[in-house]
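Be aware that the sequence shown starts at 0, since it is given in numbering that gives the first Met the number 0, and climbs by one per residue.
Using N, Cα and C, we set each Cβ at its ideal position, and we do this for glycine too.
Have a look at the structure below, then the notes.
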Amino acid sequence: MTDADYMVRALFHAARGRGRTSPNPVVGAVVVSPDGVVVGQGYHQRAGEAHAEVHALNSAAGRTSGATLYCTLEPCNHIGRTGPCVERIAEAGISRVVASMIDPNPLVMGRGFAFLRSKGIRVDVGVGVELAARLNQPFLTLVHERRPFVMLKAAISLDGYIAADPGRPTQLTSAAANRHAHRARAEVDAMAVGVGTILADDPLLTPRGVYRERPLTRVIFDRLLRTPPAARVLSTADAGPVIIVTSPQGVAQADRREPLEARGAHILESDGTITTAMSMLGERGIASLLLEGGARVQAAAWDAGVVDFVRLYVTPHVLGEHSVRFLDGRPFWAAALHERHTEPIGADVMIEGYVHGPR
């Protein structure tokens with residue numbers, strides 16, 4: 000087997016941590032003996048717990064002398080909520096480390112590799128880097144852009160509309176597509192809608208029919224605090240916090256703000272731009288955000304250039320020219336998405352891809 004083969008195994012294990020490690024990256028590791036036998040493997044399971052390298056070394060149970068460690072990200076060299084992995088690697092007698100990519104975290108950023116080399120350990124970097132980067136787009140976006148990785152999701156009719164009329168709920172997707180969409184909710188840190196969606200649909204904004212281990216942050220973009228205190232989402236505190244992003248004008252309206260705060264909503268004052276709002280969410284450690292609607296807030300995010308990934312469920316319905324257009328009528332070509340993927344789901348077709356390409 001080649002380095003690439005062993006790294007595929009490490010990437011497989013890394014993916015097992017999706018939806019569980021944020022704001023940390025997902026990381027997998029594999030220990031291979033000098034004669035090419037996999038003797039240990041592991042992955043980062045939860046933020047604050049042991050890293051992938053430690054799980055893999057423990058799994059190897061003393062068979063690490065002279066072995067090669069494959070890991071999908073540079074091992075850490077600093078003390079956070081856990082100890083530095085590089086010291087454990089050196090103590091275990093690992094002779095070579097093969098990593099997919101450098102850790103862009105300023106606390107690491109090459110220092111882990113430098114420590115390992117100082118201990119006489121051979122380090123090779125770059126095997127499986129593209130796959131590792133795709134797997135960690137939320138982490139990389141949070142580090143580089145200081146905001147969440149934003150995935151825009153919409154169900155649209157065959158003729159390009161998302162609702163029959165403004166403010167009127169329109170069910171478009173099949174049961175199979177709905178299940179698929181709820182699985183996405185189970186993996187992200189947060190999901191967001193505009194206040195128009197709250198007023199029209201009164202949604203719960205919770206993942207249903209799937210298991211989610213961590214609380215899900217729900218974000219409502221509401222410049223004038225029009226969210227009703229009786230909104231159903233405010234009755235779901237057990238599912239996770241609800242943040243209402245508003246403007247100085249909204250914050251100043253105590254008669255609207257105080258009843259929402261009494262229901263448990265966190266009021267976050269922004270300057271009214273979605274770019275600033277996304278940065279403020281990034282400061283709270285939100286690395287991935289599913290933007291579900293409606294047309295205006297999605298269009299604002301699109302115009303601001305903060306949409307990183309698009310997932311569309313194209314349905315066989317035809318709504319007609321007086322309906323609500325996707326992205327509020329802005330030009331959009333699914334064919335322009337990078338690494339576009341198309342898949343039939345029930346009666347619908349899912350089309351997804353990166354807006355700018357993986358970062």
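Original post:
What number of angstroms, rounded off, separates the C-alpha of aspartate 271 from the C-alpha of alanine 13?
Top reply: Your numbering for residue 271 matches position 272 in the sequence shown. Your numbering for residue 13 matches position 14 in the sequence shown. The sequence given here places glycine at residue 271; aspartate does not occur at that position. The alpha-carbon atoms of glycine 271 and alanine 13 are separated by roughly 37 Å.
Subject >> For methionine 190, the three-state DSSP class (helix, strand or coil) >> reply: Reading the sequence shown from its first residue, position 191 is the one you call residue 190. It is a strand residue.
**OP:** Would you identify the three-state DSSP class for histidine 181, choosing helix, strand or coil?
**Re:** To locate residue 181, count along the sequence shown from 1; it is residue 182. In the structure shown, histidine 181 sits in a helix (DSSP, three-state: H, G or I).
Original post:
Which residues in the same chain have their Cβ closer than 6 Å to the Cβ of threonine 275, if we skip the five residues on either side of it in sequence?
Top reply: Counting from 1 along the sequence shown, the entry for residue 275 is found at position 276. Same-chain partners within the cutoff: Ser269.
Subject >> Those residues which DSSP pairs with proline 343 across a bridge >> reply: In the sequence shown, counting from the first residue as 1, residue 343 sits at position 344. In the DSSP output, where bridge partners are listed per residue, proline 343 has Val348.
Original post:
Helix, strand or coil: how does DSSP classify glutamate 268 here?
Top reply: Stepping through the sequence shown from its first residue, residue 268 is reached at position 269. Looking at glutamate 268 - three-state DSSP - the assignment turns out to be strand.
**OP:** Kindly indicate which three-state DSSP category leucine 68 falls into: helix, strand or coil?
**Re:** On the sequence shown, position 69 is the one that residue 68 refers to. In the structure shown, leucine 68 sits in a strand (DSSP, three-state: E or B).
Original post:
Does the beta-carbon distance from glutamine 40 to arginine 19 come in below 8 Å?
Top reply: For the purposes of this step, residue 40 is identified with residue 41 of the sequence shown, where counting begins at 1. For the purposes of this step, residue 19 is identified with residue 20 of the sequence shown, where counting begins at 1. For glutamine 40 and arginine 19, no; Cβs fall outside 8 Å.
Original post:
Terminal residues of the continuous beta strand (DSSP E) containing alanine 154?
Top reply: If you number the sequence shown from 1, residue 154 lands on position 155. Taken as a continuous stretch (DSSP letters only), the beta strand (DSSP E) holding alanine 154 covers 148 to 155.
Subject >> Distance CB(valine 309)-CB(valine 250) smaller than 8 Å >> reply: Residue numbering aside, residue 309 sits at position 310 when the sequence shown is read from its first letter. Residue numbering aside, residue 250 sits at position 251 when the sequence shown is read from its first letter. The answer is no: Cβ separation not under 8 Å.
Original post:
Can you pull the DSSP bridge partners for isoleucine 242?
Top reply: Counting from 1 along the sequence shown, the entry for residue 242 is found at position 243. Answer is Val218 and His265.
Subject >> Residues near arginine 116 by beta carbon distance below 7 Å, same chain, minus five either side >> reply: Residue mapping note: residue 116 aligns to position 117 of the sequence shown, counting from 1. Cβ neighbours of arginine 116 beyond the five flanking positions: Val122.
**OP:** Quick one: which unbroken beta strand (DSSP E) runs of 3-plus residues sit fully inside the segment 98 to 144? Chain order, please.
**Re:** 121 to 124
**OP:** Using only alpha-carbon positions, find the residue among Arg110, Asp2 and Phe138 that is nearest to glycine 127.
**Re:** If you number the sequence shown from 1, residue 127 lands on position 128. Residue Asp2 is the option with its Cα nearest to glycine 127.
Original post:
With which residues is valine 36 paired in a DSSP beta bridge?
Top reply: As a working note, residue 36 is residue 37 in the sequence shown. BP columns for valine 36 are empty, so no partner.
Original post:
Below 8 Å between beta carbons: does that hold for tyrosine 42 and glycine 65?
Top reply: Position 43 of the sequence shown holds residue 42. Position 66 of the sequence shown holds residue 65. Result no, Cβ atoms of tyrosine 42 and glycine 65 do not sit closer than 8 Å.
Original post:
Are at least three pairs of beta-carbons, each pair with one atom in the segment 178 to 189 and one in the segment 282 to 292, less than 8 Å apart?
Top reply: yes
Original post:
Hey, how far is the Cα of alanine 346 from the Cα of asparagine 177?
Top reply: If you number the sequence shown from 1, residue 346 lands on position 347. If you number the sequence shown from 1, residue 177 lands on position 178. Distance between the alpha carbons of alanine 346 and asparagine 177: 11 Å.
Original post:
Which stretch, first to last residue, makes up the beta strand (DSSP E) that contains serine 287?
Top reply: Numbered from 1 along the sequence shown, position 288 holds the residue referred to as residue 287. Run containing serine 287: 287 to 292, per the beta strand (DSSP E) assignment.
Original post:
Pick from Pro315, Leu318 and Leu311: whose alpha carbon is nearest that of histidine 340?
Top reply: Numbered from its first residue, the sequence shown carries residue 340 at position 341. The option with the nearest alpha carbon to histidine 340 is Leu311.
**OP:** Leaving aside the five residues before and after proline 165 along the sequence, list all residues of the same chain whose C-beta is less than 7 Å from its C-beta, in chain order.
**Re:** Within the sequence shown, residue 165 is the residue found at index 166, counting from 1. Taken in chain order, the residues that qualify are Val323.
Subject >> Residue from Ile120, Pro147, Arg184 and Ala60 whose Cα sits closest to the Cα of isoleucine 273 >> reply: Indexing the sequence shown from 1 puts residue 273 at position 274. The candidate whose alpha carbon is nearest that of isoleucine 273 is Pro147.
Subject >> Through-space distance from proline 105 to methionine 0, alpha-carbon basis >> reply: Position 1 of the sequence shown, counted from the first residue, corresponds to residue 0. Position 106 of the sequence shown, counted from the first residue, corresponds to residue 105. About 34 Å.
Original post:
Shortest alpha-carbon distance to proline 74 belongs to which of Ser32, Asn23 and Val37?
Top reply: Here the question's residue 74 lines up with position 75 in the sequence shown. Comparing Cα positions, the closest option is Asn23.
**OP:** Measure the beta-carbon distance from cysteine 70 to glutamate 90 and round it to whole angstroms, keeping in mind my assumption that it falls under 8 Å.
**Re:** Working through the sequence shown from its first residue, we reach residue 70 at position 71. Working through the sequence shown from its first residue, we reach residue 90 at position 91. Between glutamate 90 and cysteine 70 the Cβ distance is about 16 Å, and since that is not below 8 Å, they are no contact.
Subject >> Whether valine 218 touches valine 244 by CB criterion (8 Å) >> reply: Within the sequence shown, the letter at position 219 stands for residue 218. Within the sequence shown, the letter at position 245 stands for residue 244. Result yes, Cβ atoms of valine 218 and valine 244 sit closer than 8 Å.
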